[in-house]
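Data first, discussion second: the structure below is written as structure tokens.
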Amino acid sequence: MLNLDSNETEHFTSLAASWWDRDGPCRTLHDINPCRLEYVRGGGSLAGKQVADIGCGGGLLSEAMARDGARVTAIDASEVLIATAREHAAAAHLDIDYRAMLSRELAESAPARFDLVTCLELIEHVPDADALLADCAALLRPGGTLVLSTLNRNPQAWLLGIVAAEYVLGLVPRGTHDYQQFIRPSELAASARRHGLELRDVSGMHYNPVTRRARSGGPPRVNYLARFVRRDDLPA
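Letter by letter, the sequence shown follows residues 257 to 492 in this note's numbering.
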């Protein structure tokens with residue numbers, strides 16, 4: 257069974273033409289991307305690292321990591337979004353290996369190949385979050401790092417992440433999120449442990465719609481970022 261919700265794929269595919277419009281429907285992704293990159297870098301540089309970007313969409317994070325020196329393989333279920341990402345990267349003269357495929361397909365073809373796997377704003381959009389974590393773990397070499405972002409599941413996250421963000425402020429298109437798919441950090445950590453991933457950090461991500469800036473740190477009340485490391489004692 258494919259770990260894919262066709263309605264979710266269609267929703268994000270519909271945004272392809274405006275993906276790189278900084279003031280369009282994906283503007284919040286543009287605004288939080290510097291914060292996401294800073295967290296992914298972990299205080300260092302990505303230069304020379306083999307990175308897999310899972311659920312890359314139109315390539316915002318993929319391009320940012322490539323500019324930082326990473327060798328990026330980026331995948332998405334939407335062929336239209338991958339075409340958008342390829343076109344934009346070519347215009348920017350960036351060498352990114354974009355592929356229209358699912359995480360399971362990449363995990364089977366490139367096991368234990370990557371130093372870093374990023375999976376941002378995706379896990380709350382797939383039918384089986386645990387299976388996605390398993391794929392991410394399989395892609396990592398022992399000692400490699402996984403960075404995830406998602407939304408907590410609590411009343412505050414429902415109020416701010418859906419009611420305010422989608423229906424009051426229009427920060428993201430309506431219908432982007434399903435509250436039942438939100439994941440508590442404790443649930444994410446438990447699932448990750450089953451696949452040999454150790455939680456190293458959980459940080460809230462806070463967005464100011466007035467300044468259009470985001471920062472990480474503090475409790476993971478609504479949006480949050482998490483860093484995991486694949487145990488060294490697992491076979492490659």
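By construction, the Cβ of each residue, glycine as well, lies at the ideal position given by its N, Cα and C atoms.
Val296 and Asn408 closer than 8 Å at C-beta
Locating residue 296 in the sequence shown gives position 40, where the first residue counts as 1. Locating residue 408 in the sequence shown gives position 152, where the first residue counts as 1. No, Cβ-Cβ distance for Val296 and Asn408 is not below 8 Å.
According to the neighbour-count rule (16 or more other Cβ atoms, all chains shown, within 10 Å of its Cβ), is Thr374 buried or exposed?
Locating residue 374 in the sequence shown gives position 118, counting from the first residue. By the 10 Å Cβ count, Thr374 comes out buried.
With a threshold of 16 other CB atoms inside 10 Å of the CB of Thr467, please say whether the residue is buried or exposed.
In the sequence shown, counting from the first residue as 1, residue 467 sits at position 211. Classification for Thr467: exposed.
What separation, rounded to the nearest whole angstrom, lies between the Cα atoms of Gly399 and His451?
What you label residue 399 is simply residue 143 of the sequence shown in a count that begins at 1. What you label residue 451 is simply residue 195 of the sequence shown in a count that begins at 1. Roughly 13 Å separates the two Cα atoms.
For chain B, find out if any of its Cβ atoms is closer than 8 Å to the Cβ of Leu372; answer yes or no.
Although the question refers to chain B, the structure presented lacks it and comprises just one protein chain.
So if DSSP puts Met461 in a beta bridge, which residue, or which two residues, is it bridged to?
One-based indexing of the sequence shown puts residue 461 at position 205. Bridge partners of Met461: Ser472.
Could you check the C-alpha separation between Pro281 and Asn259 for me, to the nearest Å?
Here residue 281 refers to the residue found at position 25 of the sequence shown. Here residue 259 refers to the residue found at position 3 of the sequence shown. Pro281 and Asn259: Cα-Cα distance of roughly 26 Å.
Which residue marks the beginning of the alpha helix (DSSP H) containing Gln500, and which one marks its end?
Examination of residue 500 is not possible in this model, given that the chain is present from 257 through 492 alone.
List, from N- to C-terminal side, the alpha helix (DSSP H) runs of 4 residues or more that fit wholly inside the region 267–355.
283–297, 316–323, 335–347
From Tyr480, Val485, Arg486, residue whose alpha carbon lies closest to that of Cys291:
Here residue 291 refers to the residue found at position 35 of the sequence shown. Here the closest residue by C-alpha is Tyr480.
For the candidate residues Glu454, Gly474, Arg471, Ala470, whose alpha-carbon lies nearest to that of Asp488?
To locate residue 488, count along the sequence shown from 1; it is residue 232. Comparing Cα positions, the closest option is Glu454.
Taking its Cβ as the centre, do 16 or more other Cβ atoms sit within 10 Å of Tyr423, making it buried, or is it exposed?
For the purposes of this step, residue 423 is taken as the residue at position 167 of the sequence shown. Under this definition Tyr423 is an exposed residue.
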